[in-house]
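Numbering (the numbering used here), first residue to last: 1 to 219. Don't be surprised by glycine CBs; every beta carbon is placed ideally from N, CA and C.
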């Protein structure tokens, strides 16, 4: 039922930042639905799930993004799938979306109020993300990177390549994508992007620091 440790390690060694994809090879719908499901099932702080996944397949839209997306200019031409992960800009403890997340857990009104009080203390006193709109958005964006990593790792497990992307003009990408009307631009904004496909050539893996340089035990 479960992958072996060696199978998982092999997938991590296989995964490399893929800048050039084979344009003739496309990911099947079944495989890409699996990748999206990994994002949906990802954990997030206090169960906030502050994300949406915008799958950009329209060729004209990809071309419109190219001048302001230097980090994925070639990939916009060749990648099988391009996903822009959006983060909720207003994920306060007392927002409608936060309350909806609590409601999905089947809580009573009394339990919901108790949870909201806990999350209020968390956001205002413990993690201090309500200082301004940017700190709140950055907290939500951090959650999207969990989904990003799970999608990329899950893709590698079935032999699909990927590349995380931050190399673009965020203001312009937000403007261009908002014009599509595919999501509520008042509520969501771009957090990060990721491309998927099959590498066009072999990639030399990057060297990694040895474990003893990055792990420190406190016993």
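Among the options, the one whose alpha carbon lies nearest that of residue i
i: residue 56; options: 37, 93, 86, 149; result: 86
i: residue 161; options: 203, 132, 98; result: 203
i: residue 84; options: 91, 210, 62; result: 62
i: residue 23; options: 213, 197, 150; result: 197
i: residue 52; options: 59, 206, 190; result: 190
i: residue 93; options: 70, 45, 77; result: 45
i: residue 163; options: 193, 117, 207, 176; result: 193
i: residue 133; options: 26, 54, 187, 60; result: 187
i: residue 37; options: 176, 172, 182, 149; result: 149
i: residue 201; options: 39, 8, 176, 16; result: 16
Cβ shell of residue i (< 6 Å), same chain only, five flanking positions each side left out
i: residue 185; result: 178
i: residue 129; result: 123, 135, 136, 139
i: residue 174; result: 189, 190
i: residue 221; result: A question about residue 221 goes unanswered here, because the residues of the chain that appear run from 1 up to 219.
i: residue 221; result: Outside the displayed range of the chain (1 to 219) lies residue 221, so it cannot be described from this structure.
i: residue 66; result: 73, 76
Neighbour-count burial assignment, residue i, 16 or more Cβ in a 10 Å radius
i: residue 121; result: exposed
i: residue 215; result: exposed
i: residue 102; result: buried
i: residue 154; result: buried
i: residue 151; result: buried
i: residue 100; result: exposed
i: residue 211; result: exposed
i: residue 91; result: buried
i: residue 170; result: exposed
i: residue 48; result: buried
i: residue 9; result: exposed
Rounded straight-line distance, which links the Cα of residue j to that of residue i
i: residue 18; j: residue 156; result: 11 Å
i: residue 3; j: residue 14; result: 15 Å
i: residue 106; j: residue 219; result: 40 Å
i: residue 209; j: residue 50; result: 32 Å
i: residue 127; j: residue 142; result: 13 Å
i: residue 6; j: residue 158; result: 14 Å
i: residue 77; j: residue 95; result: 39 Å
i: residue 70; j: residue 43; result: 30 Å
i: residue 33; j: residue 54; result: 13 Å
i: residue 60; j: residue 41; result: 31 Å
i: residue 113; j: residue 125; result: 18 Å
i: residue 206; j: residue 213; result: 17 Å
i: residue 172; j: residue 28; result: 31 Å
i: residue 131; j: residue 119; result: 15 Å
i: residue 97; j: residue 104; result: 11 Å
i: residue 222; j: residue 39; result: The requested residue 222 is not part of the displayed model; the chain covers only 1 to 219.
Rounded Cβ spacing between residue i and residue j (contact assumed at less than 8 Å)
i: residue 75; j: residue 21; result: 6 Å
i: residue 88; j: residue 140; result: 5 Å
i: residue 195; j: residue 82; result: 5 Å
Residue-level contact to chain D via CB, residue i, 9 Å cutoff
i: residue 176; result: No chain D is present in this structure, which holds just one protein chain.
Cβ shell of residue i (< 8 Å), same chain only, five flanking positions each side left out
i: residue 115; result: 102, 107
i: residue 165; result: 69, 71, 72, 75, 192, 193, 194, 195
Beta-carbon contacts of residue i that lie in its chain and below 7 Å, excluding the five residues immediately before and after
i: residue 26; result: 80
i: residue 183; result: 52, 54, 86
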